[in-house]
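Number of protein chains: 2
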Amino acid sequence: MAERVVPEPQRRRRRPTKQGVVLSRQLIVETALRLVGQHGAEALTVRRLGAALGADPSAVYRYFRNTDDLLLALADELIGRAQHGWRPTGDWRADLREIGLRIHRAYQAHPQAALLAAHRTTGRSHEIRAVEAILGVLRAAGFPDPEAVRIYHAFVDQSLGFAALDAAALALPPAARAADDEVWQAAYGRLAADTHPHIAATAPLLAADMRRSGYPYALDLLLAAVAARLPRPAGRPPRP
Amino acid sequence: MAERVVPEPQRRRRRPTKQGVVLSRQLIVETALRLVGQHGAEALTVRRLGAALGADPSAVYRYFRNTDDLLLALADELIGRAQHGWRPTGDWRADLREIGLRIHRAYQAHPQAALLAAHRTTGRSHEIRAVEAILGVLRAAGFPDPEAVRIYHAFVDQSLGFAALDAAALALPPAARAADDEVWQAAYGRLAADTHPHIAATAPLLAADMRRSGYPYALDLLLAAVAARLPRPAGRPPRP
DNA sequence: ACCTTACGACAACGTCATTGACGTGAGAAG
DNA sequence: CTTCTCACGTCAATGACGTTGTCGTAAGGT
Numbered sequence: 001m002a003e004r005v006v007p008e009p010q011r012r013r014r015r016p017t018k019q020g021v022v023l024s025r026q027l028i029v030e031t032a033l034r035l036v037g038q039h040g041a042e043a044l045t046v047r048r049l050g051a052a053l054g055a056d057p058s059a060v061y062r063y064f065r066n067t068d069d070l071l072l073a074l075a076d077e078l079i080g081r082a083q084h085g086w087r088p089t090g091d092w093r094a095d096l097r098e099i100g101l102r103i104h105r106a107y108q109a110h111p112q113a114a115l116l117a118a119h120r121t122t123g124r125s126h127e128i129r130a131v132e133a134i135l136g137v138l139r140a141a142g143f144p145d146p147e148a149v150r151i152y153h154a155f156v157d158q159s160l161g162f163a164a165l166d167a168a169a170l171a172l173p174p175a176a177r178a179a180d181d182e183v184w185q186a187a188y189g190r191l192a193a194d195t196h197p198h199i200a201a202t203a204p205l206l207a208a209d210m211r212r213s214g215y216p217y218a219l220d221l222l223l224a225a226v227a228a229r230l231p232r233p234a235g236r237p238p239r240p
Numbered sequence: 001m002a003e004r005v006v007p008e009p010q011r012r013r014r015r016p017t018k019q020g021v022v023l024s025r026q027l028i029v030e031t032a033l034r035l036v037g038q039h040g041a042e043a044l045t046v047r048r049l050g051a052a053l054g055a056d057p058s059a060v061y062r063y064f065r066n067t068d069d070l071l072l073a074l075a076d077e078l079i080g081r082a083q084h085g086w087r088p089t090g091d092w093r094a095d096l097r098e099i100g101l102r103i104h105r106a107y108q109a110h111p112q113a114a115l116l117a118a119h120r121t122t123g124r125s126h127e128i129r130a131v132e133a134i135l136g137v138l139r140a141a142g143f144p145d146p147e148a149v150r151i152y153h154a155f156v157d158q159s160l161g162f163a164a165l166d167a168a169a170l171a172l173p174p175a176a177r178a179a180d181d182e183v184w185q186a187a188y189g190r191l192a193a194d195t196h197p198h199i200a201a202t203a204p205l206l207a208a209d210m211r212r213s214g215y216p217y218a219l220d221l222l223l224a225a226v227a228a229r230l231p232r233p234a235g236r237p238p239r240p
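So the sequence lines, in the order shown, correspond to chains A and B.
The first sequence begins at 1 in our numbering and counts up one residue at a time.
The second sequence begins at 1 in our numbering and counts up one residue at a time.
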């Protein structure tokens, strides 16, 4: 075996599979994302990927060393899609908000991949572009470098953390997912007011709120706090 | 088959295994945590768990319906450990800060398990106690119920999101972990100032900051923003 | 038109979660 | 102290999983 994987730029022979498909890293990544989007959490296996591609499962290993290698490629693809078409407006707060929501949205669209990929540092092109963009927004806003870096770190990890958390909920097998949902109705809805006064008082609010993502609100909180730390409050008053 | 699992309080016959171990839910949970702590996340399989217990793998199914059921028990155990010995001080901001840091710390102590458990809603006793405590702190601070619930949601999910993200970094195999670390030195340290001015300007700061967790800073940002929304700013001015 | 070799296909291995059947010994009943 | 029964540990089997070694073939350079 040793080296099954030939680097993409050196590929020359593109033999079609039995079913007539010409494989490539890009096609495999796209197919994997589609697979996850259409058939949910547990659909991302090498065997099913092979079937979806119209190829033998082992053909995938001609393009990726293993599933982890494929996963990093998926991760960078997701970052790329999150950024696709984004332009800075010059309003740092609106820009960060948009980037955060885009990351979250891109990952929610492919929960199973997101769950596995959100915590990896790829160091690949799309990730680098995102880091540069976010740091650019913060430095242009007037934050000194050490604070810009700290805010960058908190902002990105908050986005990825929520993205992974919310993706995990979407990626659960349907049964476990329904059970998670039910918990807020059942277990928390039935607690007595004398033993659990605070839960009892807010149970309906809880059940409703926990169905949504907590990210948009958490993002706004973070941005509000960051705005309050801006050295010269440049024209935009903190939100009430 | 139908009902293999007998509820814990009704168990009477405790036959020892061939190797003389007397099983119980608690013993299985503790063994699972130890297994995961010693041999990594991928060591948590029913087969290896059986081996570590000194029992046939299928014996686990006498105590947990499936691996997901076991996972929820692990998750609740971690929440319980995070809360162990905590007492409210009456200072809502200090209390929330302490709870957040405790959650983060407890999960970092078992990164492999945290990674699997952080995103599950268990609805079990330890989790319920934590929810009640956090809601209590917020309502006592004077937040109206709808806002208390929203803040609870953002606070908890941010804590769990960071906990899972940081746990994931700790849980990587040493080689991959060093590689992830190296990315910030290597890939990001070498980018040219004319193509990536912002990364180039902050590369050493980035490399240093990304080695630590972004959570404490993000937590302080969230608490600062929350403090700014308190209806009557009760005695504690927002941090500068 | 030849030759090399990239790469798709096949078959196999070991591990996984899970289940049905079995039998044994602990504990209740008298 | 004996008997009964069923809880629960064990065994065997199933189908899906990732991954690898081997082989044949056709694509592309010469």
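No residue lacks a Cβ here, since even glycine has one placed at the ideal position from N, Cα and C.
In this text, all values refer to a predicted model and were calculated from it rather than measured experimentally.
Check, Outcome
"When you compare each of L230(A), H198(A) and L219(A) to I103(A) by their alpha carbons, which one comes out closest?", "L219(A)"
"In the segment 196-224 of chain B, which residues sit with their C-beta less than 7 Å from some C-beta in chain A, listed in chain order?", "H196, H198, I199, A201, T202, L205, L206, D209, M210, G214, Y217, A218, L221, L222 and A224"
"Is T31(A) close to chain B, meaning its C-beta is less than 9 Å from at least one C-beta of that chain?", "no"
"Counting only the same chain and skipping the five closest in sequence on each side, list residues whose C-beta sits under 7 Å from that of R150(B).", "none"
"Apart from the five residues on each side of it in sequence, which residues of its chain come closer than 6 Å, Cβ to Cβ, to Q83(B)?", "A130"
"L44(B): which of S213(B), I128(B) and Q112(B) sits nearest, CA to CA?", "Q112(B)"
"Alpha carbon to alpha carbon, how far is R177(A) from A207(A)? Give it in angstroms, no decimals.", "15 Å"
"Give the straight-line distance between the Cα atoms of T121(B) and A141(A), rounded to the nearest whole angstrom.", "39 Å"
"Identify which residue in L170(A), A171(A), V137(A) and V21(A) has its Cα closest to the Cα of W86(A).", "V137(A)"
"Would you report the Cα separation of H110(A) and A164(B), rounded to the nearest angstrom?", "18 Å"
"Pull out every residue of the segment 149-165 of chain A whose Cβ sits closer than 7 Å to any Cβ of chain B, in chain order.", "V149, R150, H153, A154, D157, Q158, L160, G161, F162, A164 and L165"
"Report back the beta-carbon spacing between Y215(B) and A167(B) to the nearest angstrom; my notes put them in contact at under 8 Å.", "Contact flag wrong, Cβ pair sits at about 11 Å."
"Assuming A169(A) contacts H119(B) (C-beta within less than 8 Å), just tell me the rounded distance between them.", "7 Å"
"So which of R48(B), G54(B) and R11(B) has the shortest CA-CA distance to T17(B)?", "G54(B)"
"Hey, is L230(A)'s beta-carbon within less than 9 Å of any beta-carbon in chain B?", "no"
"Using a cut-off of 7 Å between C-beta atoms, extract the partners of A130(A) located in chain B.", "By Cβ distance, chain B contributes nothing, its closest Cβ being about 11 Å from A130(A), past 7 Å."
"Give me the chain B residues within the contact set of L101(A), using Cβ-Cβ distance strictly less than 8 Å, ordered along the chain.", "Residues of chain B passing the Cβ test: none, with the nearest at roughly 15 Å."
"Near P7(B), what residues of its chain come up, given a Cβ to Cβ distance below 7 Å and the 5 sequence neighbours on each side ignored?", "none"
"Compute the beta-carbon to beta-carbon distance between A75(A) and A133(A), rounded to the nearest angstrom, for a pair I have assumed lies under 8 Å.", "Not really, about 17 Å apart at Cβ, beyond 8 Å."
"Give the interface partners of D145(B) over in chain A, defined as CB-CB distance under 8 Å, in chain order.", "A201, T202 and L205"
"Q158(B): buried (16+ other C-beta within 10 angstroms of its C-beta) or exposed?", "buried"
"Can L35(B) and L49(B) be called in contact, C-beta distance under 9 Å?", "yes"
"Would you say the beta carbon of R139(B) is closer than 8 Å to some non-hydrogen atom of the ligand ZN?", "Absence of the ligand ZN is noted for the structure shown, with no ligands found whatsoever."
"Counting only beta-carbon separations shorter than 9 Å, does L70(A) have a partner in chain B?", "no"
"By the three-class DSSP mapping on this structure, what secondary structure does A140(B) have?", "helix"
"Under the assumption that L221(B) contacts L222(A) (Cβ atoms under 8 Å), give the Cβ distance between them as a whole number of angstroms.", "5 Å"
"Under a CB-based cut-off of 9 Å, is L191(B) close to chain A?", "yes"
"So, helix, strand or coil for V131(B), using DSSP?", "helix"
"Mapping DSSP to helix, strand and coil, what is H126(B)?", "helix"
"Short check: CB of P146(A) to CB of L205(B), under 9 Å?", "yes"
"Cutting at 6 Å between CB atoms, please list the residues of its own chain near R124(A), excluding the five before and the five after it.", "D76"
"With E147(A) as the anchor, note down where its alpha helix (DSSP H) starts and where it stops.", "D145 to A171"
"What first and last residue would you give for the alpha helix (DSSP H) that runs through D91(A)?", "Looking at the DSSP string, D91(A) is not in any alpha helix (DSSP H), and its letter there is neither H nor E."
"Of the choices R14(A), A32(A) and V21(A), whose alpha-carbon is the least far from that of L78(A)?", "A32(A)"
"Looking only at C-alpha atoms, which of H126(A), F64(A), P197(A) and L135(A) sits nearest to G80(A)?", "H126(A)"
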